[in-house]
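In this note's numbering, the protein residues as written are 90 to 522.
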């Protein structure tokens, strides 16, 4: 007997499957079901076909529990089940007419830090302008915090985000800005996600204020070599007040040489050349892209680079919202993420980000949901998450609503009822009692 039964989720009013290759194509199935085996989606489709799917893939699991069955990577080819074995027990979960969507893939996060910058936010709302320099406040607090304090805060924020439907997280370092502090951040991050990013080049720390070139040398000559094997990604904040394009090029190239995949903070505050540089350097994702010229978009459209827009940052800094229609019309690959951080946007709610993207960035609702799931997966080069086709990791969100449209239709309302990651219930927001 298997340790875990086959799971059949039924009673789904709308199932968002996602076509990973077609921006905004949600592949919605009405009156749907999902079959899960060992933490993976075995089949998804109309409820009327569920019995046949169970019997056809693993035999009649409900009546034949004497045999065993397993599913591994060799069983799935190009998203289609190619072999099955035996029969198993079947657990049926009826969600009672709720919508089900893939778990959110939040591909841009700064969740490991200490301190509070709510006073800075209040001042900004009172008219002060946001600048990159505010990061130094968090750097001081993070350096002073213990490992236990940093991890406890990270776990708290991850739990909040999971309850909002996020099942895949990218998390960046960048608030230590010393060899020791960047490495301890990565060590903690790696206990909670495989999508760890070194962004020692976040800002120039105070002790290098008069010698920014010396800090770039430190990043290249000491921090990157020490972080090799501890960071999947290398990132740089290429912006006025942070790092120049020449410095960014050197750091990204050093990270790539060390085996890290490149991504970039680009054109958040000004319309510089960072977006085109990201495309040239083969960055998997360039993030923010608040200011983008037609030339920028043309260069990105010719590349494989994903542009990750970050709606809550414009919300929290009162920067102008980029118009997603321009990016779509130019043929740019898009994702959206929270960029949860203590300074420019302290929200870890993807539903909130979706609502802003639809209301203020002119995404269609379908595009926004896709960008927060399949788009985020593309920004992390992941094929196992962001969709609910055969072979996907069984990461799904049960909404307290009959349609995915309610994510933007009812902003600010907790619409995530349950969250399943890898076939296991990891968050349950249903009322107790």
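We put the CB at the ideal spot given by N, CA and C, even for glycine.
(request) Measuring alpha carbon to alpha carbon, tell me which of 280, 407 and 325 ends up nearest residue 216. (result) 407
(message) Quick test of the definition: if touching needs 3 or more C-beta pairs under 8 angstroms, does the stretch 386-394 touch the stretch 419-431?
(response) yes
(message) For a quick check, are the C-beta atoms of residue 334 and residue 359 less than 8 angstroms apart?
(response) no
(message) Among the candidates 198, 492, 472 and 380, whose CA atom is the shortest distance from the CA of residue 250?
(response) 198
(message) Residues in the same chain with beta-carbon distance under 8 angstroms from residue 273, minus the five sequence neighbours each way, listed in chain order, please.
(response) 236, 239 and 265
(request) With DSSP as the reference, label residue 285 as helix, strand or coil. (result) Strand at residue 285.
(request) For residue 519, count neighbouring C-beta atoms within 10 Å of its own C-beta (all shown protein chains included) and say buried if the count is 16 or more, exposed if not. (result) exposed
(request) State yes or no: is the C-beta of residue 443 within less than 8 angstroms of the C-beta of residue 401? (result) No Cβ-Cβ contact shorter than 8 angstroms links residue 443 with residue 401.
(message) For residue 187, count the other beta carbons within 10 Å of its own beta carbon; 16 or more makes it buried, fewer makes it exposed. Which is it?
(response) buried
(request) Express the C-alpha separation of residue 468 and residue 174 in angstroms, rounding to a whole number. (result) Interpretation of residue 174 is limited by its pLDDT of 45, a score under 50 that renders its predicted location unreliable; the figure taken from the coordinates is listed afterwards. If you draw a straight line from the Cα of residue 174 to the Cα of residue 468, it comes to about 35 angstroms.
(message) Assuming the contact rule is C-beta atoms closer than 8 angstroms, residue 192 and residue 282 should be a hit. Round their C-beta distance to whole Å, please.
(response) Actually they are not in contact, since the Cβ atoms of residue 192 and residue 282 sit about 13 angstroms apart, beyond 8 angstroms.
(message) Looking at the strands, I want to know which residues DSSP matches up with residue 96.
(response) 125 and 180
(request) Just tell me which of 461, 332, 341 and 326 has its CA closest to the CA of residue 310. (result) 341
(message) Suppose contacts are defined by Cβ-Cβ distances below 8 angstroms. Is residue 242 in contact with residue 462 by that definition?
(response) no
(message) Just verifying my parser: in three-state terms, what is the DSSP assignment at residue 186?
(response) Residue 186 falls in the strand class under three-state DSSP.
(request) Work out the CA separation of residue 227 and residue 293 for me, nearest whole Å. (result) 13 angstroms
(request) Apply the 10 Å Cβ neighbour rule to residue 101 and answer buried if 16 or more other Cβ atoms are within range, or exposed otherwise. (result) buried
(request) Along the beta strand (DSSP E) that carries residue 509, what are the first and last residues, could you check? (result) Its beta strand (DSSP E) spans residues 505-510.
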